[in-house]
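Reviewing the structure listed below.
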Amino acid sequence: MKKTLMSWMGAAALIASAVVTQADDNPFLGAWAFTTPDGGAGWLGVKEMPGGYLDGSMLWVAGSVVPVDSIVVTQQNGRDALIIYRVYDENRKDKDGKVFRTQRYVDTIFATLDGDTIRFMQVSPNRNGKGVNTSTFTGKKMAPIPPAPDLGKVKYGKPIKLFNGKNLDGWRLTDENAANGWFADNGILVCDPKQEEGKPHKNYGNLRTDAEFEDFNLTLKAKVEKGGNSGIYLRGVCEIQVTDSYGKNLDSHHMGGLYSRVTPSVSAEKPAGEWQEFDITYCDQHVTVKLNGKTIIDNAAVEGCTGGALWSDITKPGPIYLQGDHTGVMYKDIVLRPIEK
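Structure representation (structure tokens):
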């Protein structure tokens with residue numbers, strides 16, 4: 000408790016002694032890949048907006064990339080520092096479950112630079128208002144995104160059939176402790192994450208290739224049930240959404256979208272229960288997605304990882320991994336062609 004209190008007091012002192020720094024000299028502008036205290040993948044983007052103010056967005060392990068509530072660049076004792084505020088609502092309910100009071104708590108993240116390493120300290124109040132927790136973690140600044148490739152000039156290697164249609168050879172769970180709902184059935188890779196009535200909830204696992212890849216073209220077919228939800232992770236870090244979005248308004252969680260980052264240009268999915276044909280090219284940190292023969296994402300830049308990534312560094316080679324911890328899904332005809340460089 001003493002250490003936590005002293006850390007919080009030090010953080011408060013940082014705010015009190017901070018002075019404004021000019022955005023033109025802001026070393027925090029750009030994208031940062033970090034690892035959270037519990038080992039998950041995270042991402043931070045800091046931008047100066049047209050109005051001259053600073054804004055930021057963040058991914059914390061799972062879910063979507065979301066805006067931070069506010070972000071401030073300061074200096075403390077001659078050193079550049081960044082302060083990020085994330086506000087959370089806590090609804091207080093009576094015995095009947097009715098909300099009678101909403102309280103707001105603010106997680107505060109302080110960041111300083113040590114060469115090309117960014118060092119974070121997070122101060123989080125307990126939601127009961129009794130005490131705070133502090134944690135530390137680090138990250139690296141991401142290199143600028145390369146120019147969009149000319150896909151007409153790309154050369155491909157020999158096609159690799161990732162699924163043999165008979166068994167799970169060449170595949171394994173991303174978490175060996177999770178329940179395995181995956182199996183092969185007559186040429187189809189099936190995930191059936193069943194829950195048994197009256198028994199504890201089972202946490203089912205995602206399935207990844209043993210092999211890891213750099214840039215590639217990936218083709219496959221996927222089928223989701225009504226209300227189904229899965230995903231195709233490129234290099235294990237960037238999710239192309241596989242979900243029942245038929246008839247819904249377009250957003251970045253739509254079928255074929257780069258989850259929470261890039262919205263498809265058009266709806267091209269078929270109704271749930273039908274096979275959806277994917278043709279995905281990942282090259283030079285850009286992604287192109289064709290769904291059922293229509294280009295819905297055209298050479299879009301990939302700014303960073305998405306929720307559920309195996310790690311935060313999107314420049315590393317990684318596996319193809321299929322999400323199996325949500326609902327049932329089927330895949331078949333999974334073929335990858337590596338890009339030759």
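Numbering (numbering that gives the first Met the number 0), first residue to last: 0 to 340. C-beta atoms are modelled at their ideal positions from N, C-alpha and C, and glycine is treated no differently.
Beta carbon of residue i nearer than 8 Å to that of residue j
i           : j           : result
residue 320 : residue 235 : yes
residue 190 : residue 237 : no
residue 336 : residue 156 : yes
residue 330 : residue 183 : no
residue 311 : residue 42  : yes
residue 86  : residue 100 : no
residue 40  : residue 309 : yes
residue 170 : residue 117 : no
residue 317 : residue 195 : no
residue 161 : residue 334 : yes
residue 277 : residue 188 : no
residue 122 : residue 107 : yes
residue 327 : residue 192 : yes
residue 144 : residue 217 : no
residue 247 : residue 267 : no
residue 110 : residue 306 : no
Three-state secondary structure (DSSP) of residue i
i           : result
residue 167 : coil
residue 20  : A caution first: residue 20 carries a pLDDT of 43, below 50, which makes its placement in the model too unreliable to give a value.
residue 151 : helix
residue 34  : strand
residue 66  : strand
residue 113 : strand
residue 161 : coil
residue 141 : coil
residue 312 : coil
residue 298 : strand
residue 250 : coil
residue 107 : strand
residue 133 : strand
residue 244 : coil
residue 259 : coil
residue 195 : coil
residue 337 : strand
residue 71  : strand
residue 27  : coil
residue 318 : coil
residue 201 : coil
residue 174 : coil
residue 146 : coil
residue 282 : strand
residue 126 : coil
residue 3   : Residue confidence for residue 3 is low, a pLDDT of 48 falling below 50, so the modelled location carries little weight; the figure read from the coordinates is stated next. Helix.
Cβ shell of residue i (< 6 Å), same chain only, five flanking positions each side left out
i           : result
residue 66  : 56
residue 322 : 205, 229 and 230
residue 20  : Note that residue 20 scores a pLDDT of 43, beneath 50, so its modelled location is shaky; the value from the coordinates is reported in the next line. Cβ neighbours of residue 20 beyond the five flanking positions: 72 and 74.
residue 135 : 120
residue 264 : 295
residue 340 : none
residue 70  : 53, 55 and 83
Endpoints, beta strand (DSSP E) assigned at residue i
i           : result
residue 56  : 53–59
residue 95  : Counting along the chain, residue 95 falls outside any beta strand (DSSP E), and DSSP gives it neither H nor E.
residue 289 : 285–290
residue 182 : 181–184
residue 269 : Segment: none, residue 269 is in no beta strand (DSSP E) and carries neither H nor E.
residue 324 : Taken as a continuous stretch (DSSP letters only), residue 324 belongs to no beta strand (DSSP E), as it is neither H nor E.
residue 47  : 40–47
residue 190 : 187–190
Close Cβ partners of residue i (< 8 Å) along its chain, the five nearest in sequence each way excluded
i           : result
residue 298 : 147, 148, 150, 285, 286 and 287
residue 3   : Its pLDDT being 48, under 50, residue 3 is placed unreliably by the model, and nothing is read from it.
residue 22  : Below a pLDDT of 50, predicted positions are generally treated as unreliable, and residue 22, at 45, falls in that range; the measurement from the model is reported next regardless. Here the set comprises 28, 47, 51, 53 and 72.
residue 269 : 245, 275 and 291
residue 353 : Since the first residue shown for the chain is 0 and the last is 340, residue 353 is missing from the structure and cannot be characterised.
residue 91  : 98, 99, 100, 101 and 102
Cut-off 7 Å between Cβ atoms - residues of its own chain near residue i, not counting five sequence neighbours on either side
i           : result
residue 95  : none
residue 256 : 240, 262 and 263
residue 153 : 282 and 338
residue 173 : 204, 205, 207, 309 and 320
residue 26  : 79 and 112
residue 271 : 223, 224, 225, 227, 243 and 245
Proximity test, residue i beta-carbon vs the ligand GTP heavy atom, cut-off 7 Å
i           : result
residue 220 : Here there are no bound small molecules, and the ligand GTP is not part of this structure.
Contact with chain B by residue i, beta-carbon distance below 8 Å
i           : result
residue 227 : Here chain B cannot be found, since the structure has a single protein chain.
In chain order, which beta strand (DSSP E) runs of at least 3 residues are fully inside the region 205–242? Qualifying beta strand (DSSP E) stretches, in chain order: 206–208, 215–223, 228–233 and 237–242.
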